[in-house]
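Notes to accompany the following structure.
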Amino acid sequence: MSDGSTDVLIVGGGPVGLSTALFLARKGIRPILVERRPRLSTIPRATGLHARTVEIFRTVGLEPAVQQAGMKIVGPGAELDLVRAGRATPLVMLGAQSLADLHKSFVMEAHDVDYDKFTPSWPIWCGQDHYEPLLHDAAVEAGAEIRFQNELIGLTQDEDGVTATVNDNGTTRTIRARYVVAADGVKSPVRDLLQIGNRSNGVAGNFVSIIFRAKVDLPESAPRFTLIYLMNQLAQGLLLFIEPGRWMFGVNYYPERGQSPADFTPERCVELARIAAGDPELDVEVESAQPWDARHMVADAYQSGRVFLAGDACHAHPPAGGFGVNAGIQDAHNLAWKLADVLHGHADESLLDSYEAERRPVGAATADQAWMLFRTRGQLADEDKAAYRDFVIVTMGYRYTSNAIVGAPADTELLPRELTFTGQPGSRAPHGWVDQDGARVSTIDVLTEGWTLATAPGDDAWLAAAEAVSAETGLPIKALTAGPGGDLADDGSWLASCGVGPGGALLVRPDGIVAFRSAGPVDDKAQTLTAALATILRGA
Numbered sequence: 001m002s003d004g005s006t007d008v009l010i011v012g013g014g015p016v017g018l019s020t021a022l023f024l025a026r027k028g029i030r031p032i033l034v035e036r037r038p039r040l041s042t043i044p045r046a047t048g049l050h051a052r053t054v055e056i057f058r059t060v061g062l063e064p065a066v067q068q069a070g071m072k073i074v075g076p077g078a079e080l081d082l083v084r085a086g087r088a089t090p091l092v093m094l095g096a097q098s099l100a101d102l103h104k105s106f107v108m109e110a111h112d113v114d115y116d117k118f119t120p121s122w123p124i125w126c127g128q129d130h131y132e133p134l135l136h137d138a139a140v141e142a143g144a145e146i147r148f149q150n151e152l153i154g155l156t157q158d159e160d161g162v163t164a165t166v167n168d169n170g171t172t173r174t175i176r177a178r179y180v181v182a183a184d185g186v187k188s189p190v191r192d193l194l195q196i197g198n199r200s201n202g203v204a205g206n207f208v209s210i211i212f213r214a215k216v217d218l219p220e221s222a223p224r225f226t227l228i229y230l231m232n233q234l235a236q237g238l239l240l241f242i243e244p245g246r247w248m249f250g251v252n253y254y255p256e257r258g259q260s261p262a263d264f265t266p267e268r269c270v271e272l273a274r275i276a277a278g279d280p281e282l283d284v285e286v287e288s289a290q291p292w293d294a295r296h297m298v299a300d301a302y303q304s305g306r307v308f309l310a311g312d313a314c315h316a317h318p319p320a321g322g323f324g325v326n327a328g329i330q331d332a333h334n335l336a337w338k339l340a341d342v343l344h345g346h347a348d349e350s351l352l353d354s355y356e357a358e359r360r361p362v363g364a365a366t367a368d369q370a371w372m373l374f375r376t377r378g379q380l381a382d383e384d385k386a387a388y389r390d391f392v393i394v395t396m397g398y399r400y401t402s403n404a405i406v407g408a409p410a411d412t413e414l415l416p417r418e419l420t421f422t423g424q425p426g427s428r429a430p431h432g433w434v435d436q437d438g439a440r441v442s443t444i445d446v447l448t449e450g451w452t453l454a455t456a457p458g459d460d461a462w463l464a465a466a467e468a469v470s471a472e473t474g475l476p477i478k479a480l481t482a483g484p485g486g487d488l489a490d491d492g493s494w495l496a497s498c499g500v501g502p503g504g505a506l507l508v509r510p511d512g513i514v515a516f517r518s519a520g521p522v523d524d525k526a527q528t529l530t531a532a533l534a535t536i537l538r539g540a
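For the sequence shown, UniProt numbering gives the first residue as 1, with consecutive numbering after it.
Okay, structure coming up:
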């Protein structure tokens with residue numbers, strides 16, 4: 001039975017699939033999303049939302065809701081009033097025997113980043129079960145169609161599109177789509193159907209995550225933390241603070257010793273929770289016990305014809321660094337605007353090739369960083385130190401090189417050693433506070449609404465060039481002046497931080513990445529802009 005058609009079919013209704021649906025819908029594309037589960041997740045996985053992800057949520061209006069649903073991640077000893085009130089949590093990992101022995105604990109890892117220097121958005125500690133509904137409702141409101149209890153069971157491609165066969169709660173249907181985005185997890189059936197292989201370092205450990213509720217009274221003098229590595233002979237693993245009264249205990253099990261997830265009976269889970277708390281009489285409510293593997297994997301390709309992989313379907317790694325869902329949402333953010341520009345006729349399909357060219361190297365580097373951190377528990381060997389990058393660099397300091405970037409230096413380093421935002425093509429445009437129409441806004445808010453050209457006040461030639469190119473190509477380009485008296489008014493420091501001097505301009509893509517930069521004046525601004533966009537959008 002045919003069930004209609006769509007420009008984009010999304011397979012998988014987790015955070016990555018829902019984000020893809022939201023980003024597409026906000027750009028005028030009405031995708032259909034199919035998800036085999038009957039409902040959204042009730043499990044608080046993927047709790048750490050890095051600053052870049054919160055930035056992305058900010059651009060689609062979700063940052064306030066995510067902040068309300070979660071807790072601000074702060075440095076050790078910072079904003080203690082918010083921490084005590086349950087509105088913030090410090091990014092600290094302790095080593096301890098149990099919650100009852102925190103006075104004997106020691107700091108294994110602590111991160112104190114001054115995010116205000118480079119972003120308007122602080123990271124948030126928020127369970128997937130809290131932010132998935134926000135993504136779902138925003139996507140539906142924007143025009144996406146979400147279908148639960150719809151499992152993809154077949155996929156065929158031709159020159160014009162993709163035919164998907166779906167089991168709709170017992171009824172077989174087909175959906176015709178121009179493109180398909182597979183966000184269907186680490187065991188991706190779509191990846192298997194496409195016969196895409198992968199590179200893998202293997203499995204670093206086997207775990208069962210026990211989600212439980214318990215009222216644990218920690219003394220006021222106890223050190224504050226987000227995670228505890230329990231060094232307990234009776235139960236070893238990672239204890240995560242999810243939210244007040246709710247915890248997740250990731251416990252190792254060893255198949256080579258004959259152990260399996262079946263060993264984690266309800267009674268055993270209660271026992272383990274009490275060991276973690278250090279209270280043998282603790283009243284414990286176990287919500288769930290989910291097995292998982294700390295697995296490393298990078299797909300050999302992110303695209304096969306008209307089908308694209310995103311999130312865990314194309315990269316998976318241990319939880320060290322908390323990169324997983326963040327990298328997946330950034331996949332979605334990168335891909336969505338490109339699909340939209342192609343579907344709106346603003347770009348050739350060659351633009352879609354840049355998705356794999358940009359995101360696969362980042363996905364591979366992220367997986368390798370997570371694997372290294374997980375295997376070494378942060379105690380890097382000398383041979384690892386040169387390759388190590390701080391987690392903030394991994395999540396937002398990466399640099400792209402592809403046909404969708406003009407002027408990236410030939411020696412561009414994928415993950416630079418220092419976190420800097422200088423307006424280099426292929427990097428995220430710098431954040432700065434400016435006045436727009438009397439309101440104080442971040443440049444991140446302005447530069448992610450579509451294609452944007454920024455130049456200094458009084459440089460009418462660049463503004464005229466943007467208007468002419470937009471009229472000729474049909475591509476909407478918002479041209480703004482930045483500096484004293486400009487559309488984005490400041491003292492001129494923001495444009496200077498982008499490496500743009502008098503007579504220059506900065507072209508920013510819809511995902512906030514610098515696509516092209518003219519540091520100074522050029523002879524023919526319209527021709528220069530036309531050539532840059534032809535390279536990006538047409539592969540010319």
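Using N, Cα and C, we set each Cβ at its ideal position, and we do this for glycine too.
As the structure is a prediction and not an experimental result, all values here were calculated from the model.
| Asked | Found |
| --- | --- |
| Assuming E243 is part of the beta strand (DSSP E), what are its boundary residues? | 237 to 243 |
| Can you tell me the Cβ-Cβ gap for I153 and V166, rounded? I've got them flagged as a contact below 8 angstroms. | 7 angstroms |
| Checking 8 angstroms against the spacing of the C-beta atoms, do N403 and I536 come in under that value? | yes |
| Can you give the Cα-Cα distance for S427 and G258, rounded to whole angstroms? | 48 angstroms |
| Assign residue 561 to buried or exposed, taking buried as 16 or more other Cβ atoms, counted over all protein chains shown, within 10 Å of its Cβ. | The question about residue 561 has no answer, for the chain in this structure spans 1 to 540. |
| Taking buried to mean at least 16 other C-beta atoms within 10 Å of its own C-beta, is L415 buried or exposed? | buried |
| Counting C-beta neighbours from all protein chains within 10 Å, is the total for V107 16 or more, i.e. buried, or is it exposed? | exposed |
| Does the region 31 to 39 come close enough to the region 2 to 22 to have 3 or more Cβ pairs within less than 8 angstroms? | yes |
| Take M1 and list the residues in its own chain whose beta-carbon comes closer than 8 angstroms to its own, dropping the five residues that flank it on each side. | Low confidence applies here, because M1 scores a pLDDT of 47, under 50, leaving its location unreliable and the question unanswered by this model. |
| Quick check on V406: buried or exposed, where buried means 16 or more other Cβ atoms within 10 Å of its Cβ? | buried |
| Would L234 be called buried (16 or more neighbouring beta carbons within 10 Å of its own) or exposed? | exposed |
| Report, in whole angstroms, the separation of the C-beta atoms of V251 and P266, which I expect to be a contact under 8 angstroms. | Not quite, the Cβ-Cβ distance comes to about 14 angstroms (not below 8 angstroms), so this is no contact. |
| Is the separation between the beta-carbon of P15 and that of Q128 shorter than 8 angstroms? | yes |
| Restricting to runs no shorter than 4 residues, where is the alpha helix (DSSP H) found entirely within the region 414 to 477? | 443 to 446, 460 to 473 |
| Count the other C-beta atoms from every protein chain shown that fall within 10 angstroms of the C-beta of Y254, then say buried if there are 16 or more, exposed otherwise. | exposed |
| Just verifying my parser: in three-state terms, what is the DSSP assignment at L335? | helix |
| Whether or not the region 219 to 236 and the region 181 to 196 are in contact is what I'm after, with contact meaning three or more pairs of Cβ atoms, one per stretch, closer than 8 angstroms; do they touch? | no |
| Do the CB positions of V208 and A289 come within less than 8 angstroms of each other? | yes |
| Starting from the N-terminal side, write out each stretch of the alpha helix (DSSP H) that is 4 residues or longer and does not extend beyond the region 261 to 310. | 266 to 277 |
| Rounded to whole angstroms, what is the Cα-Cα separation between D184 and G12? | 4 angstroms |
| Given that a residue counts as buried once 16 or more other Cβ atoms are within 10 Å of its Cβ, and exposed if not, what is V74? | buried |
| Between G458, R87, K104, R36, which has its C-alpha nearest L94's C-alpha? | K104 |
| Could you tell me whether the region 384 to 399 touches the region 478 to 488, using the rule of 3 or more Cβ pairs below 8 angstroms? | no |
| Identify whether M1 lies in helix, strand or coil by the three-state DSSP scheme. | Note on M1: pLDDT 47, under 50, position unreliable in the model; no value is reported. |
| Would you tell me roughly how many angstroms separate the C-alpha atoms of A365 and E281, rounded to the nearest one? | 45 angstroms |
| What is the residue span of the beta strand (DSSP E) that D168 lies within? | 162 to 168 |
| Do the region 201 to 219 and the region 336 to 350 touch if we need at least three Cβ pairs shorter than 8 angstroms? | no |
| Q236 to N206, Cα distance in whole Å? | 12 angstroms |
| Of all the options E383, P425, K385, F421, which has the alpha carbon lying nearest to the alpha carbon of T401? | P425 |
| Which residues does DSSP pair with L230 in a beta bridge? | A96, G237 |
| Could you tell me which of A164, R87, V60, V83 sits nearest to Q68, measuring between CA atoms? | R87 |
| Please return the same chain residues whose Cβ sits closer than 8 angstroms to the Cβ of G197, not counting the five positions on each side in sequence. | A299, D300 |
| Among D168, R517, G503, which residue has its Cα nearest to the Cα of A408? | R517 |
| Checking 8 angstroms against the spacing of the C-beta atoms, do G474 and H317 come in under that value? | no |
| Note down, in chain order, each residue of its chain lying with its Cβ closer than 6 angstroms to the Cβ of R45, except the 5 sequence neighbours on either side. | Q128 |
| Taking the straight line between their C-alpha atoms, what separation do you get for E413 and S121? | 25 angstroms |
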